Ligand code: F6R
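Residue numbers (my numbering): 188 to 801.
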């Protein structure tokens with residue numbers, strides 16, 4: 188969702204702002220804009236509906252000079268996507284310009300009050316209320332900008348990351364955050380700003396992740412100053428980024444999504460590095476070592492997540508229950524946070540999130556902590572809000588995920604959940620030595636098996652053409668592969684815009700079978716496991732109704748291959764690890780169907796990578 192970029196230093200700001208916005212395009216947006224202060228202290232705002240390239244075209248004949256600037260990609264919440272509603276927004280006098288990520292829930296009341304006091308608005312956005320309020324306070328109370336910002340923020344209810352320019356203070360950017368991410372890069376007498384580190388990484392690896400309710404003042408020639416909302420000066424921790432430029436570029440692939448699908452063997456190696464040791468027959472997670480007591484005493488585990496991360500949670504539930512004999516519930520974070528859930532002090536909450544910024548998951552974490560639960564995070568983005576709000580956790584270490592459709596983060600999350608289940612089960616003594624050893628060994632071999640699946644890319648690309656006609660898809664799986672079916676369906680719908688439903692295969696008879704006819708592709712995950720015979724019966728039932736069957740089977744299966752229209756063979760593995768293999772061809776299928784249909788795979792319509800508003 189909305190991307191924020193800022194620069195203050197001695198270089199020309201505009202090219203860096205544009206480059207930064209392009210790096211943030213993956214987050215999803217519908218309009219873009221920039222504000223610059225030139226040498227004469229003139230503050231200009233340029234903005235337009237559409238892509239960053241439209242903004243560039245718009246700026247071609249404009250004065251884009253200046254070494255202080257802020258820029259934004261907007262994902263509409265209040266007010267339609269339009270040039271008028273795009274950020275930055277001026278204050279009434281045009282002395283100030285602001286960009287904002289988040290939602291101001293009480294904007295209507297504040298706007299009404301400001302209008303009754305004679306302030307004129309230009310847009311429909313909640314964001315304009317912030318800048319008008321700051322200016323109103325500045326003028327009425329005759330205070331400096333920092334004080335006006337702090338006082339204004341006290342009146343806001345909601346979430347925000349903001350950056351602000353004042354043309355009377357041409358060597359300064361003020362930024363603030365509450366529940367929306369903001370990263371400050373520290374260079375040599377220059378500062379960079381980003382809603383994540385991707386626009387910053389090529390200039391500096393020294394960053395400060397701003398904390399909630401803090402305001403940062405970046406002034407040329409001065410140290411970074413951070414105050415809290417009571418104006419107490421804070422000492423922000425300067426961290427070193429563990430990310431390189433290659434990780435956020437396409438590296439020869441046509442799309443980030445394909446690159447990320449292909450990166451999975453290496454990503455899972457990284458995820459397991461130093462944690463899975465086959466020779467020593469051991470899985471070690473430092474969080475489990477450090478917080479053994481809290482985790483082993485768990486009477487119940489609740490996994491909270493959204494979307495793909497929720498699907499990973501469903502797999503985690505089965506593995507943890509099976510290995511550790513601890514009851515696990517999996518909740519949509521958005522439902523959990525609002526339904527007055529029973530949370531006991533002996534509960535462990537596991538928050539799963541790629542971005543570490545999902546607003547609902549973050550709120551669920553805070554709710555769980557307020558109620559005395561112990562909270563464990565499984566995240567990808569280092570230093571993001573959820574890992575900072577949890578008691579402990581394990582990063583999945585799969586590198587930045589840029590494609591909007593989550594792929595490598597999903598397999599990384601499942602891998603961490605398997606490692607967590609193994610480490611806990613070993614400590615609890617709830618797993619046999621034989622099972623433990625076989626899962627440890629098999630897990631370490633998963634990257635090689637994924638490579639085998641990736642060799643089928645051309646074949647899947649070819650057969651995906653035969654599916655582009657479809658308006659609906661059904662995905663079926665059982666046990667560990669039921670969440671794989673859900674995830675396969677989600678991948679297809681979000682990037683190809685074909686309606687798809689995932690179901691536990693046995694549920695087919697309870698409704699979805701009515702949909703099956705010769706136009707209906709049904710993807711069935713049918714490895715040779717405990718459920719094989721049951722799923723085989725489902726396949727016969729689909730065939731009898733002339734459904735088109737795309738089956739994922741174990742290598743050497745010659746029964747289903749005679750019935751199904753298309754068959755993809757998977758290397759055999761342990762049942763609990765099947766999702767790590769079966770999800771790969773489904774990612775590729777979704778990708779190729781979307782490409783065949785000419786869709787924007789990396790930035791599907793209406794979607795945002797990091798859902799920082801609820
Ligand atoms: C789907 C997808 C989303 C995310 C969801 C949660 O491909 O990416 O469903 O999984 O928005 O995001 P995180 O994991 O960042 O909390």
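Using N, Cα and C, we set each Cβ at its ideal position, and we do this for glycine too.
Bear in mind the structure is a predicted one, so any value in this text is a computation, not a measurement.
Residue(s) in a DSSP beta bridge with residue i
i	result
residue 761	The partner list for residue 761 (beta bridge, DSSP) is empty, contrary to what the question assumes.
residue 396	370
residue 347	289 and 366
residue 233	221
residue 261	218
residue 572	Bridge partners of residue 572: none, in fact.
residue 194	256 and 379
residue 359	406
residue 518	491
Proximity test, residue i beta-carbon vs the ligand F6R heavy atom, cut-off 7 Å
i	result
residue 580	no
residue 798	yes
residue 677	yes
residue 494	yes
residue 727	no
residue 593	yes
residue 141	Residue 141 falls outside the range modelled here, since the chain spans only 188 to 801, and no answer is possible.
residue 598	no
residue 366	no
residue 264	no
residue 541	yes
residue 548	yes
residue 681	yes
Span separating the alpha-carbon of residue i from that of residue j
i	j	result
residue 644	residue 779	9 Å
residue 196	residue 255	7 Å
residue 522	residue 364	25 Å
residue 408	residue 373	12 Å
residue 389	residue 515	42 Å
residue 335	residue 322	7 Å
residue 653	residue 782	13 Å
residue 535	residue 612	15 Å
residue 198	residue 376	11 Å
residue 352	residue 404	11 Å
residue 207	residue 381	8 Å
residue 316	residue 420	27 Å
residue 332	residue 320	12 Å
residue 676	residue 242	35 Å
residue 719	residue 713	6 Å
residue 531	residue 464	35 Å
residue 586	residue 568	8 Å
residue 276	residue 220	9 Å
residue 462	residue 410	39 Å
residue 432	residue 343	36 Å
residue 200	residue 701	59 Å
residue 615	residue 487	14 Å
residue 648	residue 692	25 Å
residue 591	residue 327	44 Å
Nearest neighbour of residue i, chosen from the options [CA to CA]
i	options	result
residue 252	272, 233, 226 and 267	226
residue 609	296, 482 and 331	482
residue 554	520, 586, 432 and 418	520
residue 262	757, 215 and 346	215
residue 606	593, 558 and 623	623
residue 529	509, 453, 544 and 557	557
residue 559	275, 578, 668 and 734	578
residue 354	395, 232 and 292	232
residue 204	188, 260, 395 and 229	260
residue 399	490, 510 and 549	549
residue 443	589, 664 and 498	589
residue 518	510, 527 and 511	527
residue 392	477, 603, 580 and 430	430
residue 582	238, 459 and 492	459
residue 716	760, 673 and 656	760
residue 636	647, 708, 772 and 662	772
beta-carbon residue i near the ligand HEM non-hydrogen atom, thresh 7 Å
i	result
residue 518	Ligands in the displayed structure: the ligand F6R; the ligand HEM is not one of them.
Stretch pair the segment 564-579 + the segment 534-542: three plus CB contacts closer than 8 Å: yes
Cβ pair count under 8 Å reaching 3, the segment 778-794 against the segment 675-689: yes
Cβ pair count under 8 Å reaching 3, the segment 621-628 against the segment 463-474: yes
contact_flag[the segment 590-600, the segment 740-757] where n(CB pairs < 8 Å) is 3 or more: no
Contact between the segment 208-224 and the segment 265-285 (3+ Cβ pairs under 8 Å): yes
Validate contact between the segment 449-459 and the segment 636-643 using beta carbons, cut 8 Å, 3 pairs: yes
The segment 758-771 / the segment 654-673 touching (three or more Cβ pairs under 8 Å): yes
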